[in-house]
Every structure is written in C-alpha cells, then in structure tokens.
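Engineer:
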Amino acid sequence: MIHAGKDHATPYASAERMRFLGSFEGVVHARTIHNFYRTEHKFLLEHSSSNPGVSTGAMAGTESLLQAAEIKGLKLRPVLEDKSNSGLPFLIACKQSGRQIVTDEAALNSLCEAIVENRKGVLVIYSEEIAHALGFSVSPDGKSATLFDPNLGEFHTHSKALADTIENISSADGLTLVGVQIFASKMR
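Here the sequence shown is numbered in my numbering, starting from 2 and rising by one per residue.
(1) Give the secondary structure of T166 by DSSP, where H, G and I count as helix, E and B as strand, and everything else as coil.
(2) Answer yes if the segment 171-186 comes into contact with the segment 116-131, meaning at least three C-beta pairs across the two stretches below 8 Å, and no otherwise.
(3) Could you name the residues that DSSP lists as bridge partners for L109?
(4) Could you say which of N119, N152, E129, S128 lies nearest to F137 if we only look at CA atoms?
(5) Where does S140 fall in DSSP's three states?
(6) Identify the residues that DSSP records as bridge partners of F149: which are they?
(7) Rounded C-beta distance between L77 and A185? I'm assuming under 8 Å.
(8) With distances taken Cα to Cα, identify the nearest neighbour of S111 among E129, L92, N169.
(9) Using the DSSP secondary-structure output, state which residues sit across from V103 in a beta bridge.
(10) Starting from I183, follow its DSSP beta bridges and name the residues at the other end.
(11) Just to check my reading of the structure: D150 and D174 have Cβ atoms closer than 8 Å, yes? What is that Cβ distance to the nearest angstrom?
(12) Within 10 angstroms of its Cβ, does L109 collect 16 or more other Cβ (buried), or is it exposed?
(13) Quick one: measure Cβ to Cβ for S160 and V117, integer angstroms, because I've assumed they're closer than 8 Å.
(14) Rounded to the nearest angstrom, what separates G6 and L153 at their Cα positions?
(15) In angstroms, rounded to a whole number, what distance separates the CA positions of P79 and A107?
(16) In whole angstroms, what is the alpha-carbon distance linking K144 and A162?
(17) For L148 and G99, I'd like the C-alpha separation in whole angstroms.
(18) Does the beta-carbon of A107, which I'm using as the reference point, lie nearer than 6 Å to any heavy atom of the ligand HEM?
(19) For A115, collect the residues of the same chain with a Cβ closer than 7 Å to its Cβ; drop the 5 residues on either side in sequence, then sort them by chain order.
(20) Just to confirm, is the Cβ distance from T177 to S128 under 7 Å?
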C-alpha cells in the first residue's frame, strides 16, 4: 500500500517512487527487465557465445526483450531500419574513422527523433557481443525525456540533449554503440 509519506524522512518521496514504478516505465523495467529479461537474456547470450559476433548477440538481445514484453502484455515493434542491407535487426550507429570506430551522428539523430516521435518504449543498445535495454518516455510536449537504465537508474533530460545522454549512458555501461533500435509498445 502506498502511504502518504508524512512520517517518511523525505515526505511523499516513497509514495511518488511507487507511483512511478507503477507507471509504464516501472512496469516494463522493474518487473519485465529485472525478472524475465535478465534470465532469458543470459540464456540466449550463453547460447550465442558459441557463435560469437554482433549478429548473434543482437538477436539474443532482441529476442529476450520481445519475449519479456509479451509476458507483460506489451506488443513491441521495431521502429528503426538498417539501410545498409546488413540484415541486422537494428540501425547501425557507428562508422570507421581511421582505425577507430566512432559514433555515427546521423544515426544517433535518427534514434533521438524516433524516441521523441514514439513517446514511450524501449531503447536497445547493441554492442560487440551484448545488447542492453533501457526504457524511455517523453513528455506530452516533447521537450523532455526520461531514460531508465537498469544498471544506472533514471535520467531526466531535455529532448535536445538525448544524443549526448545516450552516448554517456552507453559509455558508463561500457558499451560501444554498434547499433540501436527502438521498440514502441502497443497494449494488448
């Protein structure tokens, strides 16, 4: 039961936190990702480790995310398309610059536009061998966004700063931005 918070050290903070966890972001992440996603994702990644590469890791991340959402009654659909005919289930977000791999700013801008346009859903960052899911929601006016990383917590940012925020989260999680995908939800 959610209490009013009057006897709490920070009044109303716990009540507000419980309301947030009961919202879309909380349902997707507090329950879906932390329970089913991690177990299923671990299983699929162990299976894909026998065939290393971005493609098998990406498919493991995508499949575990979609299966986890199905359990919660969410029908997620991929939004971004790879235009390079690589057959990967995400938008390639990096490019070669000399001997280094750098972030493709055009791909990152497409990602941010898709986040703002779809309002609520799941952002998946694909790295060399793993995929990492974050929840997102955008305010009704489209000016601010909230990202939820199961490892790092919540990030509230202006929509124009989304690209930098995503790059910083990716870096803090130790992930190279190889690819990105947005999954928008539809309740069944």
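Backbone N, C-alpha and C fix where the C-beta goes; we use that ideal spot for every residue, glycine too.
Structural biologist: According to the structure shown:
(1) In this structure, T166 counts as helix in the three-state DSSP scheme.
(2) yes
(3) According to DSSP, which records beta bridges pairwise, L109 is partnered with nothing at all.
(4) Nearest option by C-alpha distance: N119.
(5) coil
(6) Its beta-bridge partners are G136, E155.
(7) L77 to A185, Cβ: 7 Å. Contact.
(8) Proximity to S111 across E129, L92, N169 peaks at L92, based on C-alpha coordinates.
(9) K96
(10) L124
(11) About 7 Å separates the two Cβ atoms, so the contact holds.
(12) buried
(13) 5 Å
(14) Low confidence applies here, because G6 scores a pLDDT of 43, under 50, leaving its location unreliable; read the following figure in that light. G6 and L153: Cα-Cα distance of roughly 25 Å.
(15) 19 Å
(16) 10 Å
(17) Computed Cα separation, rounded: 32 Å.
(18) This structure lacks the ligand HEM; in fact it carries no ligand of any kind.
(19) Around A115, the same chain offers V80, L81, I183 as residues with beta carbons nearer than 7 Å, after the five sequence neighbours per side are excluded.
(20) yes
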